[in-house]
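Chemist:
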Amino acid sequence: MLLVKLLFLLPSSALCASSVVDSTPTYEHQDPSTGKTLLCDKCPPGTHMAAHCTPSTSTKCVPCGENHFTELWNYLPRCLYCGNFCYENQEVETECSATSNRVCRCKEGFYSSSDFCFRHSECKPGLGVKTKGTSITDTVCEHCADGYFSNSSSAEDPCVKHRECAPGQNVLLCGSVYHDAVCGTCEDLASQGEIYRVIVSRLFKTQRMRLGKMRKFVARYVSKPGRPVSRHRGTLLEQITLWLSEAPVEQLKKLPEVLRATQLNSLADKLEKTVSALNCNSI
Numbered sequence: 001m002l003l004v005k006l007l008f009l010l011p012s013s014a015l016c017a018s019s020v021v022d023s024t025p026t027y028e029h030q031d032p033s034t035g036k037t038l039l040c041d042k043c044p045p046g047t048h049m050a051a052h053c054t055p056s057t058s059t060k061c062v063p064c065g066e067n068h069f070t071e072l073w074n075y076l077p078r079c080l081y082c083g084n085f086c087y088e089n090q091e092v093e094t095e096c097s098a099t100s101n102r103v104c105r106c107k108e109g110f111y112s113s114s115d116f117c118f119r120h121s122e123c124k125p126g127l128g129v130k131t132k133g134t135s136i137t138d139t140v141c142e143h144c145a146d147g148y149f150s151n152s153s154s155a156e157d158p159c160v161k162h163r164e165c166a167p168g169q170n171v172l173l174c175g176s177v178y179h180d181a182v183c184g185t186c187e188d189l190a191s192q193g194e195i196y197r198v199i200v201s202r203l204f205k206t207q208r209m210r211l212g213k214m215r216k217f218v219a220r221y222v223s224k225p226g227r228p229v230s231r232h233r234g235t236l237l238e239q240i241t242l243w244l245s246e247a248p249v250e251q252l253k254k255l256p257e258v259l260r261a262t263q264l265n266s267l268a269d270k271l272e273k274t275v276s277a278l279n280c281n282s283i
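The opening position of the sequence shown corresponds to residue 1 in the UniProt record's numbering, with each subsequent residue numbered one higher.
1) Among T137, W73, K270, G128, which residue has its Cα nearest to the Cα of K107?
2) Anyone know if the C-beta pair for I199 and T274 falls short of 8 Å?
3) Name the one or two DSSP bridge partners that F69 has.
4) Between D41, T70, T34, which has its C-alpha nearest H48's C-alpha?
5) For D115 and N89, what's the separation of their Cα atoms in angstroms?
6) Which residues in the same chain have their Cβ closer than 8 Å to the Cβ of K270, if we skip the five residues on either side of it in sequence?
7) Taking only the alpha-carbon atoms, compute the straight-line gap between S112 and N74 and give it to the nearest angstrom.
8) For T47, report the span of its beta strand (DSSP E) as first-last.
9) Starting from the Cα of C61, find the closest Cα among F149, G46, H29, K205 and give me that residue.
10) Across the stretch 146-158 and the stretch 124-138, are there enough close Cβ pairs to call them in contact, namely three or more that are closer than 8 Å?
11) Considering G212, what are the terminal residues of the alpha helix (DSSP H) in which it resides?
12) How many Å lie between S19 and E28 at the Cα?
13) For P55, which residues of its own chain have a beta-carbon under 8 Å away from its beta-carbon, when the five flanking residues on both sides are left out?
14) Can N84 and C64 be called in contact, C-beta distance under 8 Å?
15) With DSSP as the reference, identify every bridge partner of R105, one or two as the case may be.
16) Identify whether S97 lies in helix, strand or coil by the three-state DSSP scheme.
17) Please classify D41: does DSSP put it in a helix, a strand, or coil?
18) By Cβ distance below 7 Å, which residues in the same chain neighbour H68 in space, the five residues on each side in sequence not counted?
19) By the three-class DSSP mapping on this structure, what secondary structure does T59 have?
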């Protein structure tokens, strides 16, 4: 009796909400033996209809088999095939189950656009990453501000602040948006040691050289005898940069002479001019 009273006390909206939540979706089916239209229960997600309801039996539902699914209440005669396949540059985010199709996403380092996965764009030297790419957006680059630089192509790295020289050191070569500042003492520069190596390497990277002269320089001083010389500027510059990083200091001291021997006269002149114009001359 108490239960009945409590039911009467419940708001009608609460009773209606309860009936909506608990109700099973239905569909109309014409019984072939009687011709009457029956209201049959649909099958829940993860199953499909194996037999319609009759005046005396409920709808018969059976589970989906392997690699098949139904996501919604249904009266399908068979489950749907998991037809989503992850292709190149994609990986599985959610595997196929009885209630959902396979879900793919772009691999790390790629983003989705027009149903394809593209590699995140790299920010070129002089540009840094403002916003890293995601699975749905590309990298956003920005120009390095004064006092910052980026010397490589990257989809990860932002612009970096120019180094501050330690006590007792001077800024021998000011930084740019492409390179860091070069710090050292005037004695370091006079000895033409590692500081000189850094300056020479930077000059090679920023100077535009004719491809033929670059190949001649690599063939004579960098590449091993008899080995074919690349015709790609980027590959040649990488080989020269590696050579500069490993060459003995005594060989670097003769670089202007070496450059002139391969008709890179303007580069030799610029190297001598750059060194003579360094900040030590005004200290």
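Note that CB positions come from ideal geometry on N, CA and C, so glycine has one too. Bear in mind that the values here come from a model prediction, so they are computed numbers and not experimental data.
Modeler: Reading off the structure:
1) T137
2) yes
3) L80
4) T70
5) 11 Å
6) L203, Q207
7) 32 Å
8) 47-51
9) G46
10) yes
11) 211-217
12) With a pLDDT of 43 at S19, under the threshold of 50, the predicted position of this residue should be treated as unreliable, though the coordinate-derived value follows. S19 and E28: Cα-Cα distance of roughly 20 Å.
13) D31, T34, K36, L38
14) no
15) E91
16) strand
17) strand
18) C79, L80, Y81, C82
19) coil
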